[in-house]
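Novice: Have a look at this one before I ask anything.
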């Protein structure tokens, strides 16, 4: 199973692609950080993010997409931009017809480190080890996206695939 | 100038289209509320909203799009969905190559009622009067979107058009 993970952000959006199966080691396919300029207007930033994510989904053809869930208790000055970026990320997967699953930061931390309260350094260390990388992913923003993708592989993306199919059948195409 | 206004929401997203010029009366073209089912998964909801807004932009070919700016001090339980919906709305305009402007609720209220602290009933009453409608827009969610569009017409959308063009020229097409 190939999973594209997205750690959403308006200024820096981490993207990680891994391949694997539940209970087996994952393999790194690629990782990226999509940057948008803080000085640009919001429409241009969201458009750039949408195009970049759409391109990466088309390029890597993942079986599913995993996106970090955003909470309002995050940094208030950036949370709105992060929420908008997460909406764009979920949409990029859905527009490609892929199942999209969201995970809380604690779920991701628990999946890769065994603790829902692990810090950033611990996540980076575990991602480096789990993917057998010669050195930590740079920039560090990509490590969270890779952790998300690993989390989704290990939790088995098939459940959400069924859910999405059922959802589609139920909804039909009505506006 | 034709403006499409969006009052973003995940469960109910108001859309209003008006035509007019600064300092002149506006004319109603159309209004809608896009609904998504609270029981559906987030990807399906965002996809539905994206498709609906993209269709409405294509159908009405506005000169610009106005979207209400979301603040984190709103209702915490719904603010993330509202922020994601606003990101989708801004993106729908940007993807169509249109200038997109965001306005705070106070700016919109001040534009149509003269007071930044007007309540919902007052906004609906003024939108009905300003557009010379025989009765208030139903459902009421559409009134805020129409108020946004009127606000944008009166403040003259051309400034943001220039800003977007300058922005585009400056950014180029780089990822």
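Chains as they are written, first to last, in the numbering used here: chain Z, 1154 to 1328; chain B, 1154 to 1328. All C-beta atoms, glycine included, are put in the ideal place defined by N, C-alpha and C.
Return the CA-CA distance between residue 1250 of chain B and residue 1173 of chain B, expressed in angstroms with no decimal places.
Specialist: If I take the Cα positions, the gap works out to 21 Å.
Novice: Tell me the rounded alpha-carbon separation between residue 1159 of chain Z and residue 1267 of chain B.
Specialist: One C-alpha to the other measures close to 43 Å.
Novice: Residue 1176 of chain B to residue 1212 of chain Z, Cα distance in whole Å?
Specialist: Taking the straight line joining both Cα atoms gives about 49 Å.
Novice: Using a Cβ cut-off of 7 Å, pull out every chain Z residue sitting near residue 1261 of chain B, in sequence order please.
Specialist: Going along chain Z, no residue has its Cβ under 7 Å from residue 1261 of chain B, so there is no contact; the nearest lies around 17 Å.
Novice: Given this structure, state the Cα-to-Cα distance separating residue 1301 of chain B from residue 1252 of chain Z, to the nearest angstrom.
Specialist: The alpha-carbon atoms of residue 1301 of chain B and residue 1252 of chain Z are separated by roughly 34 Å.
Novice: Just checking my contact of residue 1258 of chain Z with residue 1221 of chain Z at CB under 8 Å: how many whole Å lie between their CB atoms?
Specialist: Right, the Cβ-Cβ distance comes to about 6 Å (below 8 Å), so this counts as a contact.
Novice: Is the stretch 1268-1279 of chain B touching the stretch 1232-1240 of chain B, taking contact as three or more C-beta pairs under 8 Å?
Specialist: Flag = no, the stretch 1268-1279 of chain B and the stretch 1232-1240 of chain B do not touch.
Novice: Are there 16 or more other CB atoms within 10 angstroms of the CB of residue 1180 of chain Z, so buried, or fewer, so exposed?
Specialist: Looking at its Cβ environment, which holds fewer than 16 other Cβ atoms inside 10 Å, residue 1180 of chain Z is exposed.
Novice: Just checking: is the beta-carbon of residue 1203 of chain Z within a distance shorter than 7 Å of some beta-carbon in chain B?
Specialist: Taking Cβ atoms only, chain B reaches closer than 7 Å to residue 1203 of chain Z, which makes this a yes.
Novice: Figure out for me which residue from Z:1275, Z:1205, Z:1262, Z:1289 has the closest Cα to the Cα of residue 1303 of chain Z.
Specialist: Comparing Cα-Cα distances from residue 1303 of chain Z to each of Z:1275, Z:1205, Z:1262, Z:1289, the minimum goes to Z:1262.
Novice: Under 8 Å Cβ to Cβ from residue 1171 of chain Z, same chain only, skipping five residues before and after it: list those, please.
Specialist: These residues qualify, in order along the chain: 1155, 1156, 1158, 1179, 1180, 1181, 1182, 1284, 1299, 1302, 1303, 1306.
Novice: State the Cα-Cα distance for the pair residue 1246 of chain Z and residue 1187 of chain Z, rounded to the nearest angstrom.
Specialist: The alpha-carbon atoms of residue 1246 of chain Z and residue 1187 of chain Z are separated by roughly 16 Å.
Novice: Quick one: is residue 1290 of chain Z buried, meaning 16 or more other Cβ sit within 10 Å of its Cβ, or exposed?
Specialist: That one is buried.
Novice: Listed from N- to C-terminal order along the chain, which residues in the stretch 1298-1311 of chain Z have their beta-carbon within a distance smaller than 9 Å of any beta-carbon of chain B?
Specialist: Within the stretch 1298-1311 of chain Z, no residue has a Cβ that lies closer than 9 Å to any Cβ of chain B.
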